[in-house]
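Just so you know, the protein sequences line up as chains E and X, in that order.
Using the numbering used here, you'd call the opening residue of the first sequence number 7 and step up by one each time.
Using the numbering used here, you'd call the opening residue of the second sequence number 802 and step up by one each time.
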Amino acid sequence: MIDSMAERIGRSFSRIGAIAGNTYREAIRMRLFLLLALTGVASLAVGLFFQEFNLGSNELSFIADFGFGGMTLLGSIVAVVVTVQLLFGEIEHRSIMPLLAKPVSRGEFVLGKVLGAWLTICSFIAALTIALVTALWIRETQILAQDSEAFGGGRAVSYAGVLIFACLQCMRLAILASISAFFAAYATSSIFAIFMGFFVWIIGQLHPVISDQLAHSTGSISDLLLRLVTWLTPDMRLFDLGADVVGGPGIAGAVAAKLLLYAALYAAFYTALAAFALGKREL
Amino acid sequence: MPAIEISDLCKDFPLPERGKFVRAVDQLSLTIEENCIFGLLGPNGSGKSTTVKILLGLSRPSRGSCKVLGQSPDAPSARARIGYLPDAPYYYRFLSGRELVLYYGRLLGIEAKLAKRRAGELLERFGLADAADRKLGSYSKGMLQRLGFAQALIGDPEVLILDEPTAGVDPVGAAEVGEFILDLKTQGKTVLLCSHLLSQVESICDQVGILNKGRLLAEGSVADLLSQGEADRLSIRGVSPTARSRIERIAAEAGGSVEAGGRTLDEVFLDLVASDDRFDG
Ligand SMILES: Nc1ncnc2c1ncn2[C@@H]1O[C@H](COP(=O)(O)OP(=O)(O)O)[C@@H](O)[C@H]1O
Ligand SMILES: [Mg+2]
């Protein structure tokens, strides 16, 4: 009994893996990646362009800030668009029909799609990270070649910090991807789903403002609604710790673990919601 | 145990106006025995694809129930034993034929080596060996249809549900499809095929059901349906042209008529549908 249970879970994972793999393959073959790679190379070029100015160590943190900003912004756009495209596209082109006629549950389908989309998003973040690290390293080396004491005898950039920031972004985008998947599973047009994905992202960025508003709460209905909104949407700003990880105090393991849990819970909640919406949907 | 059992099946789709709905399938009851080729025939919009979707667990019935191989189609283990040819090639353009078949093989949990061997054999059998590694975007309509058969068979299913297998295929292709289906029967499989093109399928079906507006108008073997309501018709063979003109004259005097050829299933079908529509109107 236990054995057959384990076997069944194993087979379920294998199906989810197959769907995620096929989704990732679609992203690669549909030239989505070309777009992503071009963005990466373009940001590298922009980074190198700054060698025209000589701002010393300030220049490096400027490049890092610029790279982090690009990662956050482009990453969010890519997360919403790619997830909606990959999930809604399958419903729209009805390739979901022969797929679900196989022994695949709608929950497995949604999970596979979200994982495949997330893999795509993480690859994009990885490309941007490589571009950013390369730009930082080239510039740092150039500055050191001119003046080996420029950074007080050592190197200036915390490359581990850059990697940590990239990982935090991947966690944040897992939430955004699952939110987009929910709207894609529910929507009748991809424009609507993309719009809603961006909408929730913006609300997620506005959490500090909303909290401010709620601090002076008068207990009105609108405040109650606002509170509900802050529970339902994740606080996207929690993950923007760029200043801490590069040149700052870094982040504690406990904070990182908390963020990981936060992301996992929200992603699981919205993926479950997406599976529920697809389950109710007439295909 | 019958391969497919449908009892009192109804499916309503809500319309944009509140409280209104279309009934796509109306109290459909059908039993399809094992190793039978059953043709579900009906004009466009008669509810064939909706019935198929319910049989595959892709859509929930509003009322009634159905069983495939004794199991509800909601059970994944039931769907593993059904092969499905969709009514249009809803496949991934970015995959090659072989990749598509292997992908579905993985979803069915078929061991990789076996899947590879079977995929090769199926692609060969459906004349796609040369095109197996080309992207589906470059396939012709007939090739996609044959690939549809290959993917439906990768799990070696006992029941095949084919939605419009000859639609959009030229007559030569349609004849080929007929051969594929007869081949499946000799392998012991049960086939449910839906079509609005009667002439292309009547010769291969053991049993047919005629569907209009979601209702089953008639069911039985092709021969049964052809002989229904035929008591006042005579079939005369082997008469000379002069004898024929005499017979025609006598028939005309008696208020009847003589026509060339017997009744075809097409005629039966059109009669049934026309009288059903008249009854409604
Ligand atoms: N998802 C849906 N929403 C609303 N109406 C539908 C839907 N699917 C099918 N129908 C309606 O159900 C009827 C039967 O359609 P269908 O089963 O596709 O017929 P067939 O396959 O015989 O051509 C049609 O009137 C069609 O408009
Ligand atoms: Mg149809």
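Don't be surprised by glycine CBs; every beta carbon is placed ideally from N, CA and C.
Remember, predicted model here, so these are calculated numbers, not experimental data.
Interface with chain X (9 Å Cβ-Cβ cutoff): His222 (chain E) is excluded. For Thr852 (chain X), the enclosing alpha helix (DSSP H) starts and ends at 849–856.
Judged by their CB atoms, Ala26 (chain E) and Phe94 (chain E) are not nearer to each other than the 9 Å cut-off. In the assembly as shown, Val47 (chain E) is an exposed residue. Its beta-carbon has fewer than 16 other beta-carbons within 10 Å. Of all alpha-carbon atoms in E:Arg37, E:Leu138, E:Val120, E:Ser67, the one lying nearest the alpha-carbon of Ala51 (chain E) is that of E:Leu138. At least one heavy atom of ligand 1 lies less than 8 Å from the C-beta of Thr852 (chain X). In terms of Cβ geometry, Ile833 (chain X) and Thr991 (chain X) form a close pair [threshold 9 Å]. In the three-state reduction of the DSSP assignment, Ser808 (chain X) falls in the strand class, which pools E and B.
DSSP places Ser878 (chain X) in the uninterrupted alpha helix (DSSP H) bounded by 877–880. A distance below 7 Å between beta-carbons, with the five flanking residues on each side excluded, links Ala85 (chain E) to the following residues of its chain, in chain order: Ile127, Leu179, Leu182, Ala183, Ser186. Taking 9 Å as the CB threshold, Leu1073 (chain X) stays off the interface with chain E. Boundaries around Glu977 (chain X) are those of the alpha helix (DSSP H), 972–987, since no beta strand (DSSP E) includes it. For Ala24 (chain E), at least one C-beta of chain X is nearer than 9 Å to its own C-beta. With 16 or more other CB atoms across the displayed protein chains lying within 10 angstroms of its CB, Ile955 (chain X) is buried. Taking 9 Å as the CB threshold, Gln872 (chain X) stays off the interface with chain E.
For Glu288 (chain E), the residues of chain X that pass the 8 Å Cβ criterion are Phe814, Ser860, in the order they occur in the chain. Spanning the alpha carbons of Ser941 (chain X) and Glu977 (chain X) requires a straight line of approximately 15 Å.
For Asp888 (chain X), the CB falls within less than 8 Å of some heavy atom of ligand 1. Rounded to the nearest angstrom, the gap between the Cα atoms of Val90 (chain E) and Ile136 (chain E) is 26 Å. Against chain X, a Cβ distance below 9 Å from Val251 (chain E) picks out nothing, because the smallest value is about 37 Å.
Going by beta carbons, Val163 (chain E) and Leu142 (chain E) fall inside the 9 Å limit. Taking C-beta atoms as the reference points, Glu965 (chain X) and Leu831 (chain X) fail to come closer than 9 Å.
A Cβ of chain X is located within less than 9 Å of the beta carbon of Glu32 (chain E).
Contact between Val1069 (chain X) and Gly840 (chain X) does not hold, since the beta-carbon distance rounds to 13 Å and is not under 8 Å.
Taking 7 Å as the Cβ-Cβ cut-off, the stretch 893–922 of chain X approaches chain E at Tyr893, Phe895, Tyr904, Tyr905, Arg907, Leu908, Leu909, Gly910, given in chain order.
Scanning the stretch 990–1023 of chain X for uninterrupted beta strand (DSSP E) segments of 3 residues or longer gives 991–996, 1008–1013, 1016–1022, listed from N- to C-terminal end.
Rounded to whole angstroms, Leu1027 (chain X) and Pro817 (chain X) show a C-alpha spacing of 41 Å.
For Met77 (chain E), the number of other beta carbons within 10 angstroms of its own is at least 16, and it is reported as buried. If you draw a 10 Å sphere on the C-beta of Ala190 (chain E), you find 16 or more other C-beta atoms in it, and that means buried. With respect to chain X, the C-beta atom of Ser10 (chain E) has no partner C-beta closer than 9 Å. Distance from the CA atom of Glu288 (chain E) to the CA atom of His99 (chain E), rounded to whole angstroms, is 14 Å. In this structure, Ala933 (chain X) has its CB at a distance of at least 8 Å from all heavy atoms of ligand 1. Taking 9 Å as the threshold, the shortest C-beta distance from Pro109 (chain E) to chain X falls below it.
Judged by the Cβ position, Lys849 (chain X) qualifies as a neighbour of ligand 2 at the 8 Å threshold, a heavy atom of the ligand being closer than this.
Taking 8 Å as the upper bound for CB-CB distance, Leu901 (chain X) and Ala107 (chain E) are not in contact here, some 14 Å apart. Contact holds between the stretch 923–943 of chain X and the stretch 889–900 of chain X, because three or more Cβ pairs, one in each stretch, are under 8 Å apart.
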